[in-house]
Amino acid sequence: MKTVLIVAGLALLTGAAWAQEDLVIDQTKLYVTDPAACQALEKQGVDAWMDMDFLSLSFTGGIQSMEFHCNFYDVKSRPNTPLLFVDAVCEMPGALYPDMLAIAPNGADSIIVVSGSETTLGLAGSDAPPTDNPVGTTLYHRCDNLSEIPLD
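If you use the numbering used here, the sequence shown corresponds to residues 116 to 267, in order.
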């Protein structure tokens, strides 16, 4: 009986892994850290950052906010996996640094972005126990109504 339960459990885990691989990251869409930012960007364009604190990500424009920007230089993928690897150069006032990002689907309409630089810096100065949101990890939601930031 134990053997049957173990085999059934492994089959469920394998099925979940296969289902995750079926997810595809839509690289033509805009992603934001706050779902309400989708409508704000549609109505206000770049002025939306004046009213809200969020990050946006597009595969053509990189990651953007009011005083932070990461340009994507190379987006790599591999067959049979939905994961992406991104080489980026990021800048904020007074700082310029290279970064490597791992991007994975997080359901049908969101992605998880893990920054190598943020993870390293966060872990180097942290004595805090791990949380549900690991250091350097950011969740982005897809804006189905936008493929780029309106500049009106």
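Note that beta-carbon positions come from the ideal geometry of N, C-alpha and C, so glycine has one too.
Query	Result
Hey, Tyr212 and Ser232: beta-carbon distance below 8 Å or not?	yes
Leaving out the 5 sequence neighbours to the left and right, which residues in its chain are closer than 7 Å to Ile226 when beta-carbon positions are compared?	Ile140, Tyr146, Ile218, Ala219, Pro220 and Tyr255
For Ser230, count neighbouring C-beta atoms within 10 Å of its own C-beta (all shown protein chains included) and say buried if the count is 16 or more, exposed if not.	buried
Would Tyr188 pass as a contact of Asp202 if the rule is Cβ separation under 8 Å?	yes
To the nearest angstrom, report how far apart Thr253 and Gln159 are at their CA atoms.	24 Å
Please specify which runs of the alpha helix (DSSP H), each continuous and at least 4 residues long, are wholly inside the stretch 135-167, giving them in chain order.	152-159 and 163-166
By Cβ distance, which residues of its chain are closer than 6 Å to Thr175, with the 5 residues on each side in sequence left out?	none
With H, G and I counted as helix, E and B as strand and the rest as coil, what does DSSP make of Glu233?	helix
If you run the structure through DSSP and keep just helix, strand and coil, what is Leu238?	helix
According to the neighbour-count rule (16 or more other Cβ atoms, all chains shown, within 10 Å of its Cβ), is Ala210 buried or exposed?	exposed
Measuring only the C-alpha atoms, how far is Leu138 from Pro197?	6 Å
If we call anything under 8 Å between Cβ atoms a contact, is Met215 one with Glu182?	no
When you compare only the Cα positions, how much space is there between Ala239 and Gly251?	12 Å
Note down the Cα distance separating Val204 from Asn186, rounded to an integer number of angstroms.	5 Å
Looking at the strands, I want to know which residues DSSP matches up with Thr253.	Val228
State the Cα-Cα distance for the pair Leu261 and Thr143, rounded to the nearest angstrom.	9 Å
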